[in-house]
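**Q** First the structure, which I've put down as structure tokens, then a few questions once you've had a look.
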Amino acid sequence: MAFTSWADFWAMGGYALFVWLSFGSTYGLLLGLWWYSKRQHNNIQQQIRAKAAREQRVRQHQEREK
Amino acid sequence: MWGSMFRWLDPYAKPETLYHLCGRLLPYLMGLAVFTLVLGNIWGLAFSPADYQQGDSYRIIYIHVPSAIWSMGAYSSMAIAAFIGLVWQIRVAQWAVLAIAPIGAVYTAIALITGAAWGKPMWGTWWVWDARLTSELVLLFLYLGVIALAGAFSEAARGIKVASLLAIVGVVNLPIIHFSVEWWNTLHQGATITKFAKPSIDPSMLWPLLVSLLGFALLLAALTCLRLRSQILMFEQHRPWVRQLVESKNGEQN
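Which chain is which? The protein sequence lines are Z and P, in order.
Quick note, the first sequence lines up with residues 1 to 66 if you use the working numbering.
Quick note, the second sequence lines up with residues 1001 to 1254 if you use the working numbering.
Below, the structure is given as structure tokens:
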């Protein structure tokens, strides 16, 4: 352990701003990318599902028209 | 010769096979990535000793070096995928270009931001237009260019081709980034671990760095799997297997 207390750890030997700015923005960006990619994946599935449902409705409608 | 050498890869060029392979790998890769990142970074942040010159500010190394190295690693993989996609017209390779580009852009942005936050206390400036920093910034623009070009054509296939071409041409920037610290006078220090000699860093600092390096690599692989799955679904959405897959999972988000 390189630090003697939590306060010591957070202070980072006077470089707190730079160290925590780095780690904060890194994990912010990585979590953002993960969340965005996850959402994109769900959206695509939803779109495909909606499209399939719409085609189904169109088909049913056409059959009723006959 | 080439045909038989790469025959074993053939099934993975089939989008459906690759989709399921990525789906199986994803939880393991993501789990290992989170584990190694947490381990490497906490080790580096709290347990490895402070630097005798830079004090605790040097701890930025545990994200700066891995993100910088893998910003170039991601670019190489993207360019190889682009080459395979252009030359052999393998569609999953073309989609891999689109899957990797945003991850590489984020890694590059991280390398630049953490570099600035490290440069301020050590060099006295957030930014200088020196060779290493400028060539890494060019890498970010290359990634953004690939992303923008891929989306700039009404016909998606053409967009991917033009973006792949840019990705391949941009490879010339990789040796420039790597050797910039040797070719030009620069504020940035020379290579510490990526050289053909004993690393110039103490083992108590090297080990957490290597674990963090592995963590960023695993995260790159995991995010590539996740994003490639989306690309496969998008481009294969009219195929029966996608329809079946999506409908069988009705309501379930996966």
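For each residue, glycine too, the CB sits at the ideal point set by N, CA and C.
Which full runs of the beta strand (DSSP E) of 3+ residues lie inside the segment 1020 to 1050 of chain P, going along the chain?
**A** none
**Q** Can you tell me which of P:Ser1048, P:Trp1095, P:Pro1240 and P:Tyr1143 puts its alpha carbon nearest to the alpha carbon of aspartate 1202 of chain P?
**A** P:Ser1048
**Q** Residues in its own chain within less than 8 Å of leucine 1112 of chain P by CB, not counting five upstream and five downstream?
**A** Leu1133, Glu1136, Leu1137 and Leu1140
**Q** Note down, in chain order, every chain Z residue with its Cβ under 8 Å from the Cβ of lysine 1120 of chain P.
**A** Phe18
**Q** Report all residues from its chain with a CB closer than 6 Å to the CB of valine 1146 of chain P; omit the five preceding and five following residues, and keep chain order.
**A** Ala1101, Ala1163, Leu1166 and Ala1167, listed in sequence order.
**Q** Looking at chain P, is there any beta carbon in it that lies within less than 8 Å of the beta carbon of phenylalanine 3 of chain Z?
**A** yes
**Q** Mind pulling the chain Z residues with CB within less than 8 Å of methionine 1234 of chain P?
**A** Ile44
**Q** Whole angstroms are fine: how far does the CA of glycine 28 of chain Z sit from the CA of aspartate 8 of chain Z?
**A** 24 Å
**Q** According to a CB-to-CB cut-off of less than 7 Å, which residues of the segment 1221 to 1248 of chain P neighbour chain Z?
**A** Leu1223, Leu1226, Arg1227, Arg1229, Ser1230, Leu1233, Met1234, Gln1237, Val1242, Arg1243, Val1246 and Glu1247
**Q** Taking its Cβ as the centre, do 16 or more other Cβ atoms sit within 10 Å of valine 1038 of chain P, making it buried, or is it exposed?
**A** exposed
**Q** Threonine 1114 of chain P touches chain Z at which residues, Cβ-Cβ below 7 Å?
**A** Going along chain Z in sequence order, the residues near threonine 1114 of chain P (Cβ under 7 Å) are Ser22 and Thr26.
**Q** Give the residues of chain P in contact with alanine 7 of chain Z, contact being defined as C-beta atoms less than 8 Å apart.
**A** Near alanine 7 of chain Z there are no residues of chain P at all, since even the closest Cβ is about 13 Å away, more than 8 Å.
**Q** Under 9 Å Cβ-Cβ, which residues of chain Z neighbour valine 1106 of chain P?
**A** Leu29, Leu30, Gly32 and Leu33
**Q** In chain P, which residues lie with their C-beta within 7 Å of the C-beta of glutamine 40 of chain Z?
**A** Within 7 Å Cβ-Cβ: Ser1230.
**Q** Whole angstroms are fine: how far does the CA of aspartate 1010 of chain P sit from the CA of serine 22 of chain Z?
**A** 42 Å
**Q** Run through DSSP, which three-state label would glycine 1124 of chain P get?
**A** coil
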